[in-house]
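Protein chains: 2
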Amino acid sequence: MNPMEHPPIVDRSPLHDFLAPNAIAVIGASPDPTKRGYKAMLGLVKDGFAGEIYPINPKLEHVLGVRAYPDLASLPGPIDLALICTPASTVPTLLRDCGEAGAKGAVILASGFGETGPEGAVLEHEVLAAAREAGVRLIGPNTSGIFNLHHKVNLLALENVRPGDIGIVSQSGNMLLSLALEAQHNGQVGFSTYVGPGNQTDIGFDDYLRYLGEDEKTRVATLYVEGFRDGRRFLDVARAVSAVKPVVVYKAGSTDLGQKAASSHTGALAGSYAMTVDLLRQSGVSVVQYSDEILPVAEGLGLLQQARGKRVAILADGGGQATIASDRLAEAGLELATLRDSTRQQLAEVLLPQASLANPVDVAGSSDANPSILAECMAILADDDDVDSVLLIGMFGGYHLRFAEELLGNEMRGAEAMIELDRRTDKPLVIYSLYAPVKPPALRRLHEAGLPVYHSIEHAVRVVAALGERGAYLHAMASPEWATTVTPHPGHQAVLARAHRERRDLLEPEAKALLGAHGLQVPEEKVVRSIDELGGIAEAFGDRSLAMKVVSKDILHKSDAGGVQLDLNGESALREAYTRILDTCRTHVPAADIEGILVTPMARKGTEVIIGMIRDPVFGPVLMFGLGGIFVEVLEDVAFRAIPLTRQDARSMVSQIKAKKVFEGIRGAVAIDQEALVDLLMKVSSIVSAYPEIESLDLNPVIAYADGYAVVDARIIVDNKASIQPEGDIT
Amino acid sequence: MNPMEHPPIVDRSPLHDFLAPNAIAVIGASPDPTKRGYKAMLGLVKDGFAGEIYPINPKLEHVLGVRAYPDLASLPGPIDLALICTPASTVPTLLRDCGEAGAKGAVILASGFGETGPEGAVLEHEVLAAAREAGVRLIGPNTSGIFNLHHKVNLLALENVRPGDIGIVSQSGNMLLSLALEAQHNGQVGFSTYVGPGNQTDIGFDDYLRYLGEDEKTRVATLYVEGFRDGRRFLDVARAVSAVKPVVVYKAGSTDLGQKAASSHTGALAGSYAMTVDLLRQSGVSVVQYSDEILPVAEGLGLLQQARGKRVAILADGGGQATIASDRLAEAGLELATLRDSTRQQLAEVLLPQASLANPVDVAGSSDANPSILAECMAILADDDDVDSVLLIGMFGGYHLRFAEELLGNEMRGAEAMIELDRRTDKPLVIYSLYAPVKPPALRRLHEAGLPVYHSIEHAVRVVAALGERGAYLHAMASPEWATTVTPHPGHQAVLARAHRERRDLLEPEAKALLGAHGLQVPEEKVVRSIDELGGIAEAFGDRSLAMKVVSKDILHKSDAGGVQLDLNGESALREAYTRILDTCRTHVPAADIEGILVTPMARKGTEVIIGMIRDPVFGPVLMFGLGGIFVEVLEDVAFRAIPLTRQDARSMVSQIKAKKVFEGIRGAVAIDQEALVDLLMKVSSIVSAYPEIESLDLNPVIAYADGYAVVDARIIVDNKASIQPEGDIT
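Going line by line, the protein sequences match chains A and B. Counted from 1, the first sequence has number 475 at position 475 by full-length UniProt numbering; the numbering is strictly sequential. Counted from 1, the second sequence has number 142 at position 142 by full-length UniProt numbering; the numbering is strictly sequential.
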């Protein structure tokens with residue numbers, strides 16, 4: 001079993017101790033309604049917090065009728081949590097007092113720390129040191145605060161938010177406010193715990209996610225993230241949590257502009273957006289692309305079954321909206337289910353002759369006088385084994401408004417039938433109604449019974465897609481096939497150690513030898529060190545066309561330095577090329593230490609792909625896969641996965657490439673052996689895990705064939721040293 | 001001046017005669033509330049239609065208190081419009097009666113025509129013939145109906161829709177209903193005229209758009225389109241209308257699934273989505289990608305100024321949402337304006353020290369106790385000459401709810417200042433508030449004064465983008481540089497005529513000669529017809545490497561038939577290649593009529609692009625541009641424009657390509673001469689306009705260089721004939 005399969009999360013998160021506190025001190029409690037020290041008191045008092053509330057203010061006897069204390073030392077009993085509303089400079093001293101008062105956690109609202117520059121960073125460091133010494137964990141600084149509505153801890157004093165099962169961690173206070181208002185407006189969604197992680201000085205997203213994963217009141221963990229502090233640990237926690245409940249992430253900074261905006265907002269180190277999204281998805285996270293989809297997707301994932309597959313049945317009472325839904329489904333990578341004959345027959349029995357029984361099913365007026373027929377059709381569709389989810393599109397809930405008031409009873413019966421169906425089927429029923437903004441009775445009833453109703457076709461389809469992705473993830477993780485553990489070879493470890501000592505990368509033949517030793521398909525090759533060896537070489541390779549490449553630690557860009565000669569036939573051509581390579585390389589890089597010349601048969605033509613590995617400062621070892629050349633460089637059409645991989649990960653890397661049609665053979669070209677590439681990715685994952693000395697790795701190009709592949713060039717960079725380039729080298 | 005610049009729309013649309021009628025007959029008027037014949041009567045009576053209402057029902061004396069008539073012949077006066085609620089089969093006879101009753105138009109609700117199959121198509125044909133004979137124009141059949149709210153003609157009896165300035169033509173009745181409910185919910189948007197074009201048997205989208213363009217009550221024309229009947233005419237009308245008011249189109253069928261769904265819904269012929277979108281944008285249409293953006297974009301375009309450029313200033317009271325907005329801006333191709341120093345200084349004077357004065361401007365608490373400061377900042381930003389539009393992001397309108405009730409007055413003053421700013425500036429102010437769903441007083445005030453407030457950052461940014469695109473379009477069309485008119489050359493017309501007679505394409509040398517005659521850069525080349533000519537040829541081309549290609553009307557795929565030999569040096573190589581080409585071609589295509597062998601110098605290496613022209617059955621002559629090879633075939637990274645082009649069109653074709661970085665030179669390659677490609681596109685446009693005999697054209701590849709380009713291969717297909725391929729040819 002791979003160590004990544006079960007991240008080592010066995011203890012209960014320490015965050016429970018203060019996110020569900022028994023006694024809270026509000027440091028800087030105030031009677032001024034514009035102050036946070038008032039708001040927090042108001043939230044606690046108004047919501048009826050059952051534990052002890054200790055306002056701290058040396059100038060006041062009471063705040064909002066609660067007895068105030070001059071300082072923490074004067075408190076009559078211990079506290080679990082302190083809310084610090086005072087300025088940044090007061091925090092280090094206060095933290096020491098907090099520790100003495102028994103606090104396990106402190107929420108620091110003040111800004112003016114690392115996010116403002118070097119001076120603030122020093123203060124932030126001091127704060128962290130004080131907290132460690134005092135044994136107090138920190139939320140923030142620079143946070144909008146927290147709430148735990150089920151525990152009546154509403155330190156933001158948000159009004160009109162209902163306790164519910166969506167947990168939120170958001171680096172933007174406005175985003176929390178926006179979600180709360182949307183939920184209030186929606187009327188059915190509620191929240192469990194909210195945390196603003198602020199600068200993540202002590203506690204990071206990983207810790208908060210772990211807490212939400214354990215919190216019984218939280219059914220969906222929802223995160224707005226500008227940057228991760230420890231991305232690798234977050235991935236591990238996400239994998240563990242997403243096995244038991246959905247994790248929804250909106251990652252800010254999808255573009256350079258956004259990244260720039262985010263970095264001026266918080267100090268977090270942000271990896272590339274595309275990579276972050278790939279790694280989050282690999283760990284079971286539902287990544288939301290647009291901010292206005294966060295709540296709909298969280299609600300849907302919390303309430304509805306995940307889907308077993310991508311085959312969607314659309315039931316519509318109008319062709320136009322069915323078309324829109326079909327477009328969005330296809331864009332999201334979903335499919336229209338092909339309905340079974342028996343399903344069509346059953347539909348034909350309940351619908352009018354003009355109904356369209358192909359998917360999308362258009363009832364074409366059949367429901368006008370009998371809207372509950374839609375529930376019957378949904379049941380027929382859900383019972384089709386070739387259907388994974390059912391999407392209802394149209395005006396359900398509003399028939400009595402549009403056609404005749406008498407239809408209300410019929411609609412209510414339809415709603416009950418849908419609720420009944422939802423209880424008995426294991427497939428998601430996703431409902432869009434154009435009457436959703438009006439909240440008619442049948443839709444209110446559905447909502448009450450746990451069936452969300454969306455008022456945007458786009459959002460409804462995003463929910464269908466998220467349920468499908470979650471189903472596919474859980475299915476794949478039910479029996480993951482991890483990259484095997486390989487034992488590092490002492491000889492190659494020695495080569496790596498030597499390169500490290502010599503502060504250089506592996507030479508191409510060294511890299512290929514290492515890869516070949518672990519089963520990668522590398523071409524036959526020989527390194528010659530004198531022109532006299534060429535006669536024997538030409539003979540050894542028979543009549544094949546050959547390529548020659550300079551081998552030198554000092555020449556990274558071989559072609560640019562004139563270090564590559566191709567399509568060579570016969571000894572005299574080899575000799576001529578040998579001399580030419582040495583001459584031009586010595587002209588380009590006079591100080592180059594040339595190890596020899598590599599001779600290898602010309603690779604057969606095929607499809608060029610690139611496989612790379614980097615150790616990302618946030619996410620650790622990450623594998624990259626893409627098509628060669630312009631596809632990687634211009635179109636950035638690449639897939640990333642954290643190492644180690646499962647076979648499912650490797651397969652999804654290959655199938656994720658937008659230009660993947662190339663793999664299937666275009667313009668009469670043959671299809672390549674995709675499973676061989678999958679094996680290759682798995683082996684690279686194993687090698688990287690076995691050799692921590694490998695800092696990064698670049699197989700470029702790998703040529704893929706109908707039968708296997710060839711690693712034509714390979715570069716392995718050792719440790720963390722920068723590549724040393726002698727002056728005069730061209731790059 | 002190009003004839004396309006002012007489409008020949010001089011008369012007033014005949015649709016005014018019956019879309020603003022004085023007398024209406026409702027054929028099939030009914031007292032049954034579930035019938036459309038009841039709904040229409042209800043709509044007319046309830047809304048207080050001021051003209052004559054004639055219910056037609058032989059079984060009733062009155063319908064809804066209005067005197068009924070047994071048939072049209074019994075009416076006491078003439079009608080302008082008939083609403084036909086009776087079944088399909090009754091329609092032809094009724095149309096004749098309508099004509100006699102003076103009707104200029106008829107709305108046919110019934111389905112059961114062409115959309116159901118061949119039998120229905122026959123009936124539809126019959127209906128059209130009857131209408132023509134009777135002099136009656138047709139709306140539908142298979143339509144949801146019409147309304148003209150300012151004229152109190154509400155034949156759908158929609159409740160709670162406000163008269164306003166958004167005109168709608170929608171092939172989906174549910175989409176209209178959805179927009180109406182959204183508008184009702186939004187509370188500020190209203191509609192002028194709605195038409196469901198149904199099968200477009202007589203009147204198509206082009207006619208309706210022309211009507212909306214002329215209609216004084218309509219400020220924005222909004223269309224949901226599944227398919228155009230006469231796309232070319234629509235483009236012409238769109239160009240004329242978009243010069244005076246915004247045209248918003250949602251085109252269904254963006255994917256194969258959606259196209260399939262749409263085609264089962266109506267019978268319309270739908271071109272490729274990507275092409276349709278490009279052509280609509282070329283004609284000034286604002287194309288909306290998601291259905292839930294239709295109303296927000298229409299509202300914004302109707303109320304706000306278009307932007308002069310892409311430089312957006314974001315003003316936010318929270319960093320997170322500014323980041324989201326920045327991401328969406330960049331995705332939409334917009335830019336964050338670089339603020340002038342004077343702007344920053346002015347902002348610094350009103351904001352707290354911790355505010356971020358770079359764009360996005362984050363007031364960082366400065367507005368908490370004084371929200372109207374946001375209006376001051378908006379004015380400062382709007383006055384910056386390097387800012388084209390201002391986007392306010394955050395909680396404006398809700399400060400008094402979140403912080404202190406006393407702030408309400410301050411917020412109202414802020415709203416007035418924003419309204420004042422909107423009146424004096426020529427830049428759009430786009431406002432997102434997370435409090436929009438709550439509709440607090442300041443936001444209601446903004447809305448009343450014509451400043452929309454969005455409750456989705458995504459929608460707000462789409463509006464900013466649409467205003468920018470409209471501004472850019474109007475700017476470009478203020479001084480369009482049309483492709484010049486060229487005079488066809490009699491010699492080449494004769495060649496085309498001969499190819500037409502012989503039912504073949506132009507031979508490659510014929511095609512290149514035609515193109516070269518009109519100034520395209522085609523390589524020097526000679527056609528040899530006997531091996532003995534090769535000596536002179538080799539000499540003529542000096543020591544350049546040469547390529548040879550078979551010339552035969554029977555061999556389309558020259559490479560596949562062995563008809564191409566490259567990199568030939570010297571006479572003996574030419575002779576050998578000549579023989580090899582003839583031998584292999586005769587093996588592959590025994591019956592091929594071989595005209596000769598084309599000899600030409602090998603083209604220099606460069607960047608391969610493709611230029612094609614097709615005569616689309618819906619949109620007429622369309623030019624396509626893309627990068628060569630895989631980019632066109634796999635990634636479909638191409639741009640389309642209707643011919644004739646303006647220079648701005650040609651430039652935007654080149655800059656639209658996703659892989660356009662390639663043109664700028666990557667991996668050390670030189671940048672290509674993009675303006676030469678622009679010239680080339682303009683010349684191809686001119687040639688296509690001059691030679692209507694050219695059915696399609698394919699320049700593939702064109703090799704682009706730092707200095708000019710070379711048309712390396714060219715194919716011109718004549719007329720409408722299918723290419724005749726002899727048996728045995730491989731393709």
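Beta carbons are placed, not taken as given, at the ideal position from N, Cα and C, and that holds for glycine.
Q: Give the interface partners of Val634(B) over in chain A, defined as CB-CB distance under 7 Å, in chain order.
A: Among the residues of chain A, those whose CB is under 7 Å from the CB of Val634(B) are Ala659, Lys661, Val662 and Ile666, following chain order.
**Q.** Residues that Val438(A) contacts on chain C, provided the C-beta gap is smaller than 9 Å
**A.** You won't find chain C in this structure, because its protein chains are A and B.
Q | Range covered by the alpha helix (DSSP H) that runs through Gln346(A) | A | From DSSP, the alpha helix (DSSP H) with Gln346(A) extends over Asp341 to Val350.
Q.
Quick check on Ile531(B): buried or exposed, where buried means 16 or more other Cβ atoms within 10 Å of its Cβ?
A. By the C-beta density criterion, Ile531(B) is exposed, having fewer than 16 other C-beta atoms within 10 angstroms.
Q. How about Val632(A) and Cys585(A): are their beta carbons less than 8 Å apart?
A. No; because the gap between Cβ atoms is not below 8 Å, this pair is not in contact.
Q) Three-state secondary structure (DSSP) at Leu391(A)? A) Three-state result, Leu391(A): strand.
Q) Along the segment 237 to 258 of chain A, what residues have a CB closer than 9 Å to any CB found in chain B? A) Residues of the segment 237 to 258 of chain A with a C-beta atom less than 9 Å from some C-beta of chain B are Tyr250, Ala252, Gly253, Ser254, Thr255, Asp256, Leu257 and Gly258, listed in chain order.
Q.
Give me the chain B residues within the contact set of Ala369(A), using Cβ-Cβ distance strictly less than 7 Å, ordered along the chain.
A. Within chain B, the C-beta atoms nearer than 7 Å to that of Ala369(A) come from Thr34, in chain order.
Q: Could you tell me if Ala540(A) is buried or exposed, where buried requires 16 or more neighbouring beta carbons within 10 angstroms of its beta carbon?
A: Flag for Ala540(A) reads exposed.
Q. Between Leu301(A) and the rest of its own chain, which residues show a CB-CB distance below 8 Å, the 5 nearest in sequence each way excluded?
A. Around Leu301(A): Val220, Pro246, Val248, Ser286, Val463, Ala466, Leu467 and Arg470.
Q | Contact under 8 Å by Cβ, Met175(A) with Asn174(B) | A | No, they are not a contact pair.
Q: Go through its chain and collect everything with a Cβ distance to Gly267(A)'s Cβ below 6 Å, but skip five positions before and after it.
A: The predicted model places Gly267(A) with a pLDDT of 43, which falls under 50 and marks its position as unreliable; any figure quoted below should be read in that light. Spatial neighbours of Gly267(A) in its own chain (CB-CB distance under 6 Å, excluding positions within 5 residues in sequence) are listed in chain order as Gly114 and Glu115.
Q: Would you identify the three-state DSSP class for Asn410(B), choosing helix, strand or coil?
A: Helix, per DSSP.
**Q.** CB contact flag (Tyr705(A), Asp673(A), <8 Å)
**A.** Contact flag set, yes.
Q | Reduced DSSP secondary structure (H/G/I, E/B, other) of Val161(B) | A | When DSSP states are grouped into helix, strand and coil, Val161(B) belongs to the coil group.
Q: Please confirm if Gln171(A) has its CB atom under 8 Å from at least one CB of chain B.
A: Output row for Gln171(A): interface = yes.
Q: Leaving aside the five residues before and after Gln321(B) along the sequence, list all residues of the same chain whose C-beta is less than 7 Å from its C-beta, in chain order.
A: These residues qualify, in order along the chain: Ile393, Gly394 and Ile457.
Q. Relative to the alpha-carbon of Gly77(A), which residue among Leu434(A), Ile24(A), Glu664(A) and Ala472(A) has its alpha-carbon at the smallest distance?
A. The residue with the shortest Cα to Cα distance from Gly77(A) is Ile24(A).
Q: Please specify which runs of the alpha helix (DSSP H), each continuous and at least 4 residues long, are wholly inside the segment 501 to 567 of chain A, giving them in chain order.
A: Runs of the alpha helix (DSSP H) spanning 4 or more residues and lying entirely within the segment 501 to 567 of chain A occur at 508 to 517 and 534 to 540, in chain order.
Q: Taking C-beta pairs closer than 9 Å, name the residues in chain A that Gln321(B) reaches, listed in chain order.
A: By Cβ distance, chain A contributes Ser172, Asn174, Met175, Ser178 and Ser291.
Q) Under 7 Å Cβ-Cβ, which residues of chain A neighbour Phe403(B)? A) Simply Thr34.
Q | 8 Å Cβ cutoff, residue 745(B) in contact with chain A | A | Because chain B is modelled from 1 through 731, residue 745(B) falls outside the range shown and cannot be assessed.
(Q) Any beta carbon of chain A sitting closer than 8 Å to that of Glu331(B)? (A) Yes, its Cβ sits closer than 8 Å to a Cβ of chain A.
Q: Taking Ser552(A) as the reference, give the member of Glu524(A), Ile597(A) and Gly409(A) with the closest Cα.
A: With distances taken between Cα atoms, Ser552(A) lies closest to Ile597(A).
Q: Using a cut-off of 7 Å between C-beta atoms, extract the partners of Gly318(A) located in chain B.
A: Chain B residues near Gly318(A): Ser172, Gly173 and Asn174.
Q: For Ala50(A), count neighbouring Cβ atoms within 10 angstroms of its own Cβ and tell me buried if that reaches 16, exposed if not.
A: Looking at its Cβ environment, which holds fewer than 16 other Cβ atoms inside 10 Å, Ala50(A) is exposed.
Q.
Whole angstroms are fine: how far does the CA of Val225(A) sit from the CA of Glu61(A)?
A. Distance between Glu61(A) and Val225(A), taken at the CA atoms: about 41 Å.
Q. Going by Cα to Cα distance, which pick from Ala442(B), Leu158(B) and Met682(B) is closest to Phe403(A)?
A. Of Ala442(B), Leu158(B) and Met682(B), the residue nearest in Cα terms is Leu158(B).
Q: Please say whether Ser178(A) and Leu451(B) have beta carbons closer to each other than 8 Å?
A: No, Cβ-Cβ distance for Leu451(B) and Ser178(A) is not below 8 Å.
Q: Look at residue 753(B) and Asn148(B) and say whether their C-beta atoms are less than 8 Å apart.
A: The structure shown does not extend to residue 753(B), since chain B is modelled only from 1 to 731, so the question has no answer here.
Q. Of all Cβ atoms in chain A, is any one closer than 8 Å to the Cβ of Gln354(B)?
A. Judged by the 8 Å Cβ criterion, Gln354(B) is in contact with chain A.
Q.
Considering Cα atoms alone, identify which of Ala547(A), Ser291(A) and Ile610(A) is closest to Ser170(A).
A. For Ser170(A), the nearest C-alpha among the options comes from Ser291(A).
(Q) For a contact defined as C-beta to C-beta under 7 Å, what are the partners of Met395(A) on chain B? (A) In chain order: Asn174 and Leu177.
Q: Any chance you could list the alpha helix (DSSP H) runs of at least 4 consecutive residues sitting entirely within the segment 85 to 115 of chain B, in chain order?
A: Runs found: 91 to 100.
Q) Would Tyr224(B) count as contacting chain A if we go by Cβ distances under 8 Å? A) Yes, Tyr224(B) counts as interfacial toward chain A.
Q) Rounded to a whole number of angstroms, what is the C-alpha to C-alpha distance between Glu576(A) and Gly535(A)? A) Glu576(A) and Gly535(A): Cα-Cα distance of roughly 12 Å.
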